[in-house]
Amino acid sequence: MNLDEILRKPDPIEQKQLANHAFVMDFPQMEKRLLHGNYRLSNELFFKNNSIYISKHHRFAPYPLHSHQFLEMNYVYSGKCREVVNGQEIHLHKHDILLLDTGSTHKIDPLNENDILINFLFKGTDLNLNFLTNVNQQYSPSFDFILNAVTGNKENSHENFMLIQNDNSEIPHILEQIMIEYFFPKKFSGQIIKNYISIIFFDLARAVNAQLENNVISNKEIIIPILKSIEQDYATISLNKIAQKINYSKNYISNLIKQKTGRTFSDILNEQRMQNSYDLLVNTDLPIGTIIDHIGMSNRTQFYSKFEEYFHKKPNTIRLER
Numbered sequence: 001m002n003l004d005e006i007l008r009k010p011d012p013i014e015q016k017q018l019a020n021h022a023f024v025m026d027f028p029q030m031e032k033r034l035l036h037g038n039y040r041l042s043n044e045l046f047f048k049n050n051s052i053y054i055s056k057h058h059r060f061a062p063y064p065l066h067s068h069q070f071l072e073m074n075y076v077y078s079g080k081c082r083e084v085v086n087g088q089e090i091h092l093h094k095h096d097i098l099l100l101d102t103g104s105t106h107k108i109d110p111l112n113e114n115d116i117l118i119n120f121l122f123k124g125t126d127l128n129l130n131f132l133t134n135v136n137q138q139y140s141p142s143f144d145f146i147l148n149a150v151t152g153n154k155e156n157s158h159e160n161f162m163l164i165q166n167d168n169s170e171i172p173h174i175l176e177q178i179m180i181e182y183f184f185p186k187k188f189s190g191q192i193i194k195n196y197i198s199i200i201f202f203d204l205a206r207a208v209n210a211q212l213e214n215n216v217i218s219n220k221e222i223i224i225p226i227l228k229s230i231e232q233d234y235a236t237i238s239l240n241k242i243a244q245k246i247n248y249s250k251n252y253i254s255n256l257i258k259q260k261t262g263r264t265f266s267d268i269l270n271e272q273r274m275q276n277s278y279d280l281l282v283n284t285d286l287p288i289g290t291i292i293d294h295i296g297m298s299n300r301t302q303f304y305s306k307f308e309e310y311f312h313k314k315p316n317t318i319r320l321e322r
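Residue numbers for the sequence shown, in the UniProt record's numbering: 1 to 322.
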């Protein structure tokens, strides 16, 4: 059988749930505790020798309220799904992803025959929703503003869960490749899955950024194209160029950046240049002088000073340690 056939074929638990439309626990020793309240699912149940656990969510019966000690990703392979997460109703459709961080609580309505929901559980403590936020903050000066504008609360921005809609991304294809390696293991499958997981989380970071950005752009925030200009044209950008591009005065743009982000134009530009210089040091063999030119800094002394200020190491040290 291929992957699609395996996922659609009713398994023994689904056959029981279809017969009586009552929940049947995957782990019988925990059934009473789960049915009598919000039970916390622990790492020991799922992770023995692996850092990832993948399973099809059993259809035809509701899944009781529970929480867990790991990051969970619900992926809608086909059909649709309704969950209640932290008391909030969430509707998922084909290729949607719901990320549930440690401590979140959720319950799942009964799934019909065509509703295929896949559970991806991740053991690693470094894999959580903060990872997605931190990656975006590191590489995109617009992300902090976008996140705050959408959530209104930076400190608790994702509320322990995040819905990502993925109709036009590569993520569904990669997830299906992971499932094939997981359910049809061959030589090197474990290593391939680990590498796919890294790709998935960076793709998810992209999706989060794009999704939040679309929400803010719909409100016509002028600050977004300004920050995007710094992000993309950091080597040559200036306040004068931005002013000419969007037809606002230089002083207005400078004040707007400070008002909306709490930082100056120079602060944001320098951070973007430093991050890109770091990436070039680690991932290429370009001479340091060439890297300095590439990021648009003409003053070598200023570059070395800023670099050590940001990374607390000299550029040569970073390159030797890569």
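The C-beta atom is built at its ideal place from N, Cα and C for all residues, glycine as well.
Those residues which DSSP pairs with residue i across a bridge
i       : result
Leu-256 : Answer by DSSP bridge pairing: none, since Leu-256 is not bridged.
Lys-228 : None; Lys-228 has no bridge partner.
Thr-105 : Ser-67
Phe-161 : Leu-100
Val-24  : Bridge partners of Val-24: none, in fact.
Glu-72  : Leu-100, Leu-121
Where the alpha helix (DSSP H) through residue i begins and ends
i       : result
Leu-286 : That residue, Leu-286, is in no alpha helix (DSSP H); it is neither H nor E in DSSP.
Pro-241 : According to the sequence as given, residue 241 is Lys; it is not Pro. Run containing Lys-241: 239-246, per the alpha helix (DSSP H) assignment.
Ile-6   : 3-8
For residue i, the first and last residue of its enclosing beta strand (DSSP E)
i       : result
Met-179 : That residue, Met-179, is in no beta strand (DSSP E); its alpha helix (DSSP H) goes 171-183.
Lys-80  : 80-85
Ile-52  : 52-56
Glu-14  : Careful: Glu-14 lies outside any beta strand (DSSP E), inside the alpha helix (DSSP H) at 12-20.
Leu-121 : 116-122
Glu-89  : 88-93
Beta-carbon spacing of residue i, residue j below 7 Å
i       : j       : result
Ile-295 : Arg-273 : yes
Val-85  : His-106 : yes
Ala-61  : Ala-19  : no
Ile-192 : Glu-181 : yes
Val-24  : Ile-13  : yes
Phe-161 : Leu-65  : no
Ile-118 : Lys-56  : yes
Leu-204 : Phe-122 : no
His-95  : Lys-80  : no
Asn-112 : Ser-78  : no
Phe-120 : Ile-54  : yes
Ile-242 : Ile-226 : yes
Arg-82  : His-68  : no
Leu-280 : Pro-315 : no
Whole-number beta carbon distance between residue j and residue i, since they are thought to touch under 8 Å
i       : j       : result
Phe-265 : Ser-249 : With 8 Å as the limit, Phe-265 and Ser-249 do not qualify as a contact, their Cβ atoms being about 13 Å apart.
Ile-223 : Leu-269 : With 8 Å as the limit, Ile-223 and Leu-269 do not qualify as a contact, their Cβ atoms being about 15 Å apart.
Ile-97  : Ile-164 : 4 Å
Ile-291 : Ser-305 : In fact, because the Cβ distance is near 15 Å, the residues do not count as touching under 8 Å.
Ile-197 : Ile-171 : Contact flag wrong, Cβ pair sits at about 12 Å.
Phe-183 : Leu-3   : 7 Å
Gln-17  : Arg-59  : 7 Å
Cβ-heavy atom distance, residue i to the ligand SAM, below 6 Å
i       : result
Leu-286 : The ligand SAM is absent from the structure shown, which contains no ligands of any kind.
Practice task
Please specify which runs of the alpha helix (DSSP H), each continuous and at least 4 residues long, are wholly inside the region 289-319, giving them in chain order.
Solution key: Here the runs fully enclosed are 300-311.
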